[in-house]
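So for the sequence shown, the UniProt record's numbering puts the first residue at 1; every next one is plus one.
A short write-up of the structure that comes next.
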Amino acid sequence: MRLATDASGKLVSIRHESFNNTSMLDDYTENCGGVTKSLYACDNVLVSHKISPINRGTPTSMRAPGAAPGLFALESAIDEMALASGMDPLAFRKLNLSDKDQSAGLPWSSNHLPEAIDKAAERFGWHARKADVGSMREGDEIIGYGMGACNWEAYQVPTDARVILRSDGTALAQCGLQDIGTGTYTIVAQTVSQLTGIPMERVEVELGSSSFPAGPVSGGSWVTASVMPAIAGATREALQKLRQYAVSKDAVFAGQDAEAIKVENGQLVMGEQRASFVDVLNGQRLSRAEGTFQSGMPEAGKYSFRSFGVHFVEVRWDPGISSLRVSRVVSAIDVGKVVNPLAARNQVEGAIVMGIGMALFEAGEYDPRSGMPVNNNYAEYVVPVHADQPDIDVLLLDYPDYNLGEFGARGIGEIGVTGLAAAVANAVYHATGKRVRSLPISKEKLMAGL
C-alpha cells in the first residue's frame with residue numbers, strides 16, 4: 001500500500017497491491033482492493049491483485065470478503081498518512097472523501113458518510129483526543145483512540161415470492177431463501193403486515209424450502225433489499241385478486257371499480273363501506289387469494305450502490321502487565337432505510353465483535369509439512385468471548401435509498417466488520433506508538449516493539 005498527498009493533504013496517488021493464497025486446484029480470488037478504488041477521491045489509483053497457489057485447501061469467503069482485509073491495509077495507511085501530513089485523522093479523511101464512485105464513473109445512489117463521521121465522532125468524544133502518542137492515561141492504562149471508515153456494495157438481486165391471504169384472516173408468505181440469524185422472518189412479516197394491515201403475529205412466514213419460489217443465497221448483504229420488493233409484489237398481487245373477488249357478481253362491492261378499493265387494517269374500503277378480507281373470501285366460498293411475484297434489479301449504469309460507515313475505537317494498554325483490550329466502540333452506519341432498527345443494530349454489534357476477533361485474536365495456523373490446519377477447533381482457534389467485549393454504541397442513519405428500490409433499504413450484514421480492524425490498529429498505535437501491519441495484533445508483537 002502506497003499513498004501520496006500534495007501540500008494541502010489531498011491524495012494524489014494510491015497504489016494497492018494485494019495477493020491471496022489459493023489451492024493448487026482452484027483460482028479463488030479475494031480482491032482486497034475493491035473498496036480502495038471508491039472510498040477516497042484520487043486521480044491516480046492503481047489496484048492489483050494476484051493469487052498464489054500453494055498446497056493447502058481452497059479458501060472461501062468470510063464476512064465482507066476482500067473489503068475486511070483490504071480496508072485494514074487502506075485505513076491503516078490513511079491514518080499513517082494523516083499523521084505524516086500533520087493532520088487529524090478525521091479531518092484528513094473528510095478532506096479526501098469521494099463525492100462519487102470514481103472507479104465506475106457514476107454518482108452515488110445515496111451517501112451520507114460525512115454526516116456519519118460527524119455524528120459518531122461527537123458521540124465518541126473524538127475532540128478530546130490528544131495527538132501525541134501515549135499521552136492519554138488513566139491509572140496504569142494508556143488510552144488510544146482510532147478510527148476507520150468503510151463502504152460495502154449494495155445489491156438487489158432477482159427474487160421470487162408467494163403471498164397467500166387466507167379466509168381465517170391470516171397471511172402466509174413463502175420464499176426459498178434462508179434466515180441465518182439476520183432477521184429475515186421478521187422483515188418478511190413486516191412487509192406483508194405493512195401492505196395489508198394484518199397484524200404481524202398473524203402473518204406466517206415459511207423460508208428455506210426448494211418447494212417455495214426461488215430466493216437468493218444468504219450472502220452479499222442483499223437479502224433484505226431483494227426479498228422486500230418480491231414479498232411486496234406478491235402481496236399486491238394477492239390484494240388485487242381480492243379486489244376482483246370483491247367486485248364480482250353478488251360480492252360486497254359488486255359492479256364497482258376494483259382499482260378504487262383501498263386497503264386498511266385487513267379490510268377493503270370503498271367510501272364508507274368496508275369488508276374484511278375474511279368476509280370477501282368467505283362470501284365467495286374461497287379459501288385464499290394468492291399472489292406471486294419476481295423482483296428485478298435496479299437500472300444498471302445510472303448509480304453506484306454502496307453502504308457506508310465509520311468506526312471509532314478506544315483501546316487500553318497496560319504496559320506493566322502487557323494487557324491490551326478494546327474498551328469502547330462507536331459506529332455510525334448509513335444503509336438507507338432502516339427497516340428493523342433492533343435487528344439492524346444487532347447485526348452491526350455482531351460484526352463489531354467479529355472485527356475485534358480479526359484485529360486481536362483470530363489466526364489460522366497450518367502445518368508446513370502437510371498443509372493441514374492445526375488449530376481448527378474452539379480450544380486453539382482463539383475468538384473473543386464475553387469478557388473481551390467493549391461498550392458498543394451503534395448509530396443508524398436512516399436515509400432511504402429509493403434509487404436502489406421502492407423501500408430504500410440496503411443490506412447491513414457485512415459493512416459492520418469492514419474498517420473495524422484498522423480502527424483498532426490505529427488506536428493501538430495512538431496508545432503504544434507501535435504500527436502493527438499484520439493481524440492479529442498480539443501482545444508479543446507489541447512487546448517486541450516497546
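Cβ coordinates follow ideal geometry from the N, Cα and C atoms, glycine included.
Determine the direct distance from the alpha carbon of F19 to that of E237, and round the result to whole angstroms.
49 angstroms
Would you list the residues sitting across from D391 in a DSSP beta bridge?
R328
What separation, rounded to the nearest whole angstrom, lies between the Cα atoms of R345 and S331?
10 angstroms
Can you say whether M447 is buried or exposed, counting buried as having 16 or more other CB atoms within 10 angstroms of its CB?
exposed
Check the C-beta distance from K241 over to E206 and give it rounded, since I have them as a contact under 8 angstroms.
In fact, because the Cβ distance is near 20 angstroms, the residues do not count as touching under 8 angstroms.
Does H430 pass the burial test, meaning 16 or more other C-beta atoms within 10 Å, or should it be called exposed?
buried
For W108, three-class secondary structure by DSSP
strand
My output table needs one value for S52: the three-state DSSP class, helix, strand or coil.
strand
Measure the CB-CB distance between G416 and Q347 and report whether it falls below 9 angstroms.
yes
List the DSSP bridge partners of S304.
W108
Select from G176, I51, M228 and D393 the residue whose C-alpha is nearest the C-alpha of G66.
I51
I143 versus K443 - alpha carbon distance
16 angstroms
When you compare the CB positions of F308 and N96, do they come within less than 9 angstroms of one another, or not?
no
Every unbroken alpha helix (DSSP H) inside the segment 109-141 [4 residues or more]
113-124
Just confirm the distance between the C-beta atoms of S103 and L404, as a whole number of angstroms; I'd bet it's less than 8 angstroms.
Actually they are not in contact, since the Cβ atoms of S103 and L404 sit about 18 angstroms apart, beyond 8 angstroms.
Just how far apart, CA to CA, sit V252 and A351?
52 angstroms
What three-state label does DSSP hand G255 in the structure shown?
coil
Three-state secondary structure (DSSP) at M447?
helix
Among S23, V424, V428 and G411, which residue has its Cα nearest to the Cα of S221?
G411
How far does the alpha helix (DSSP H) with Q190 in it extend, from its first residue to its last?
T184 to T196
Taking the alpha-carbon positions, what's the Q256 to E349 distance?
52 angstroms
Identity of the residue in I261, G364 and P53 nearest N376 by Cα
G364
Are at least three pairs of beta-carbons, each pair with one atom in the segment 201-216 and one in the segment 370-390, less than 8 angstroms apart?
no
Suppose you measure from the CA of E80 to the CA of V424; what does that come to, to the nearest Å?
13 angstroms
Rounded C-beta distance between T22 and P53? I'm assuming under 8 angstroms.
6 angstroms
Residues in its own chain within less than 7 angstroms of D318 by CB, not counting five upstream and five downstream?
D140 and E141
Using DSSP's beta-bridge definition, name the partner residues of H311.
G148 and S331
In whole angstroms, what separates the C-alpha of residue 499 from that of Y155?
Residue 499 lies beyond the stretch modelled for the chain, which goes from 1 to 450, so this question has no answer here.
Suppose the cutoff is 6 angstroms on Cβ atoms and the five residues either side in sequence are ignored; what does the same chain contact list for N55 look like?
G371
With the cut-off set at 9 angstroms, would you say P384 and K337 are in Cβ contact?
no
By the DSSP assignment, the beta strand (DSSP E) with R162 in it spans what residues?
T159 to R166
According to DSSP, is Y381 part of a helix, a strand, or is it coil?
coil
With a threshold of 7 angstroms on Cβ separation, who are the neighbours of R123 within its own chain once the five nearest residues in sequence on each side are excluded?
V330, D393 and L395
In its own chain, which residues sit with a C-beta less than 6 angstroms from the C-beta of residue 453, not counting the 5 before and 5 after it?
The structure shown does not extend to residue 453, since the chain spans only 1 to 450, so no value can be given for it.
Among A120, L83 and G176, whose alpha-carbon lies nearest the alpha-carbon of K130?
L83
Based on DSSP bridge pairs, tell me the residues matched to V269.
K262 and R274
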